[in-house]
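The numbers in the sequence shown follow the working numbering, run straight up by one, and end at 355.
This report concerns only the one structure given below.
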Amino acid sequence: MKIVSIAGARPQFIKCAPVSRELRKSHQEILVHTGQHYDPEMSDIFFDELSIPKPDYHLGVGSGSHGKQTGECLVGIEEVLEKERPSLVLVYGDTNSTLAGGLAAAKLHIPVAHVEAGLRSYDRRMPEEVNRVLVDHVSDLLFCPTETAVNNLLVEGITKGVYLTGDVMADALLHNREIAEARSGILGKYSLTRGQFLVLTVHRPSNTDNREHMESIIGATGKCGKTTLFPVHPRTRKYLKLFGLWDRLPRNIIACEPLGYLDMLAAMGSAEKILTDSGGVQKEAYLLSVPCITLRENTEWVETVSAGWNVLTGSDRAMIQKMIWDFTPPSDHPDLFGVGASVRIAELISRLCR
Ligand code: UD1
Ligand code: UDP
Numbered sequence: 002m003k004i005v006s007i008a009g010a011r012p013q014f015i016k017c018a019p020v021s022r023e024l025r026k027s028h029q030e031i032l033v034h035t036g037q038h039y040d041p042e043m044s045d046i047f048f049d050e051l052s053i054p055k056p057d058y059h060l061g062v063g064s065g066s067h068g069k070q071t072g073e074c075l076v077g078i079e080e081v082l083e084k085e086r087p088s089l090v091l092v093y094g095d096t097n098s099t100l101a102g103g104l105a106a107a108k109l110h111i112p113v114a115h116v117e118a119g120l121r122s123y124d125r126r127m128p129e130e131v132n133r134v135l136v137d138h139v140s141d142l143l144f145c146p147t148e149t150a151v152n153n154l155l156v157e158g159i160t161k162g163v164y165l166t167g168d169v170m171a172d173a174l175l176h177n178r179e180i181a182e183a184r185s186g187i188l189g190k191y192s193l194t195r196g197q198f199l200v201l202t203v204h205r206p207s208n209t210d211n212r213e214h215m216e217s218i219i220g221a222t223g224k225c226g227k228t229t230l231f232p233v234h235p236r237t238r239k240y241l242k243l244f245g246l247w248d249r250l251p252r253n254i255i256a257c258e259p260l261g262y263l264d265m266l267a268a269m270g271s272a273e274k275i276l277t278d279s280g281g282v283q284k285e286a287y288l289l290s291v292p293c294i295t296l297r298e299n300t301e302w303v304e305t306v307s308a309g310w311n312v313l314t315g316s317d318r319a320m321i322q323k324m325i326w327d328f329t330p331p332s333d334h335p336d337l338f339g340v341g342a343s344v345r346i347a348e349l350i351s352r353l354c355r
């Protein structure tokens, strides 16, 4: 069967790696890179490190407003689908590339499969939440990472084509964790001592584009004095410069370029705590058994909070500081994300599609 997979942003490359490996055992996969992310450290490095096949199409869409970026992805993907006429279009996560892929396929009456279906933050101010809801409603196969996701869909009346598969990022992490430990030199490069540093990532517009939020997050992390590795997303770098914060980052914060996946895994796995507003990083913190402080008011990964390994602080300076010092997870660490999601997804596709 011919399947077109759509990826365009950093977390999608990571999600697509294990699924693509499984799919290609029995199907023809055509990979489309929309070009939403394009810096080598936001794109190429993941293809190299994770041995993701070279994209068959690169749409070169790049950055822009939501309308422009989504629209250009839509036009480009539609052209590819008209030419390739696949039996299925596979989309991942919740980015503008995901929305465009789902919409283009649905309008051409090509079945859509959504990996990471059913997630909800119930915050429609997040662009991702709009993308998730819309894509789920045009999808024929909805591969849910958690039971919460299945229930979220049920509440919206979506029951057909819904499968609880587990989480594909867990597969990526399991596959690469030991490789990362063996190959990464990140601790040595930044003189980091295992268990004695923090990892910080920030890229949500609700934080990055807001001076007060950024001052608060940087202020709280700076004040704690703990060595903090801060791989900076290009969007974040742009706003830190705009707000005049880039040149006066506290001395304990080591700002660096975005990391490759192996260095990121190695750094997170050795960290004392992780501070983040990323969806994927919250999940990985849990999988690596590292306490996570989430710099948001809400999360889609509610299980990590209920399990006591993740705490929501928003951008509240005092709360972040308190959690850096005091947050201690319980000894219990239940399996929340399963293993083998990619195999299950490939099997379901083989069984259900033709
Ligand atoms: C996007 C996704 C978000 C996801 C994140 C993963 C949407 C709406 N957002 O957010 O869900 O969590 O990717 O990282 O789809 N830029 C560069 N080089 C790049 C890419 C981006 O400089 O390679 C800069 C540009 O200034 C751009 C800004 O980052 O305007 C934002 O990029 P964009 O892809 O629009 O959104 P993200 O914030 O990365
Ligand atoms: N990641 C990475 N290098 C970094 C920051 C993140 O490899 O410098 C990985 C991270 O380990 C996770 C994924 O990128 O696998 C998460 O992507 P991101 O935070 O950009 O987006 P989100 O998950 O919030 O959509």
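We put the beta carbon where it would ideally sit given N, CA and C, even for glycine.
heavy atom of ligand 1 below 7 Å from residue i C-beta
{"i": "residue 97", "result": "yes"}
{"i": "residue 10", "result": "yes"}
{"i": "residue 301", "result": "no"}
{"i": "residue 121", "result": "no"}
{"i": "residue 235", "result": "yes"}
{"i": "residue 64", "result": "yes"}
{"i": "residue 214", "result": "no"}
{"i": "residue 137", "result": "no"}
{"i": "residue 43", "result": "yes"}
{"i": "residue 40", "result": "yes"}
{"i": "residue 108", "result": "no"}
{"i": "residue 239", "result": "yes"}
{"i": "residue 59", "result": "no"}
Test item: CB-CB of residue i and residue j under 8 Å
{"i": "residue 272", "j": "residue 200", "result": "yes"}
{"i": "residue 129", "j": "residue 95", "result": "yes"}
{"i": "residue 98", "j": "residue 197", "result": "no"}
{"i": "residue 7", "j": "residue 88", "result": "no"}
{"i": "residue 124", "j": "residue 204", "result": "no"}
{"i": "residue 93", "j": "residue 73", "result": "no"}
{"i": "residue 171", "j": "residue 338", "result": "yes"}
{"i": "residue 75", "j": "residue 114", "result": "no"}
{"i": "residue 254", "j": "residue 294", "result": "no"}
{"i": "residue 184", "j": "residue 270", "result": "no"}
{"i": "residue 35", "j": "residue 68", "result": "no"}
{"i": "residue 268", "j": "residue 260", "result": "yes"}
{"i": "residue 266", "j": "residue 174", "result": "yes"}
{"i": "residue 156", "j": "residue 143", "result": "no"}
{"i": "residue 287", "j": "residue 15", "result": "no"}
Residue i (DSSP reduced to helix, strand or coil)
{"i": "residue 30", "result": "strand"}
{"i": "residue 287", "result": "helix"}
{"i": "residue 235", "result": "helix"}
{"i": "residue 271", "result": "helix"}
{"i": "residue 151", "result": "helix"}
{"i": "residue 266", "result": "helix"}
{"i": "residue 71", "result": "helix"}
{"i": "residue 59", "result": "strand"}
{"i": "residue 299", "result": "coil"}
{"i": "residue 240", "result": "helix"}
{"i": "residue 209", "result": "helix"}
{"i": "residue 332", "result": "coil"}
{"i": "residue 316", "result": "coil"}
{"i": "residue 253", "result": "coil"}
{"i": "residue 64", "result": "coil"}
Residue i: CB within 7 Å of a non-hydrogen atom of ligand 2
{"i": "residue 189", "result": "no"}
{"i": "residue 289", "result": "no"}
{"i": "residue 394", "result": "There is simply no residue 394 to check, as the chain begins at 2 and stops at 355 in what is shown."}
{"i": "residue 306", "result": "no"}
{"i": "residue 282", "result": "yes"}
{"i": "residue 7", "result": "no"}
{"i": "residue 316", "result": "no"}
{"i": "residue 285", "result": "yes"}
{"i": "residue 226", "result": "no"}
{"i": "residue 34", "result": "no"}
{"i": "residue 127", "result": "no"}
{"i": "residue 259", "result": "yes"}
{"i": "residue 68", "result": "no"}
{"i": "residue 262", "result": "yes"}
{"i": "residue 115", "result": "no"}
{"i": "residue 279", "result": "yes"}
{"i": "residue 202", "result": "yes"}
Integer-rounded CB distance, given that residue j should sit under 8 Å from residue i
{"i": "residue 136", "j": "residue 103", "result": "4 Å"}
{"i": "residue 292", "j": "residue 274", "result": "5 Å"}
{"i": "residue 299", "j": "residue 122", "result": "5 Å"}
{"i": "residue 283", "j": "residue 221", "result": "Incorrect: roughly 18 Å between the Cβ atoms, too far for contact."}
{"i": "residue 347", "j": "residue 20", "result": "7 Å"}
{"i": "residue 85", "j": "residue 343", "result": "With a Cβ gap of about 23 Å, residue 85 and residue 343 do not count as contacting."}
{"i": "residue 139", "j": "residue 145", "result": "Contact doesn't hold; Cβ gap of about 16 Å is too wide."}
{"i": "residue 217", "j": "residue 316", "result": "5 Å"}
Minimum Cβ-Cβ distance from residue i to chain B less than 8 Å
{"i": "residue 304", "result": "In the structure shown, chain B cannot be found, because there is only a single protein chain."}
>> Quick check: the segment 104 to 114 against the segment 46 to 55, are at least 3 beta-carbon pairs closer than 8 Å?
In response: Cβ pair count under 8 Å is below three, so no.
> Any chance the segment 16 to 32 sits against the segment 79 to 93, with 3 or more Cβ pairs inside 8 Å?
Replying inline: yes
> Is it true that the segment 50 to 61 meets the segment 229 to 249, where meeting means three or more beta-carbon pairs spaced less than 8 Å apart?
Replying inline: Flag = no, the segment 50 to 61 and the segment 229 to 249 do not touch.
>> Would the segment 306 to 317 count as touching the segment 226 to 243 if we require 3 or more Cβ pairs under 8 Å?
In response: Because the criterion of three Cβ pairs below 8 Å is not met, the segment 306 to 317 and the segment 226 to 243 do not touch.
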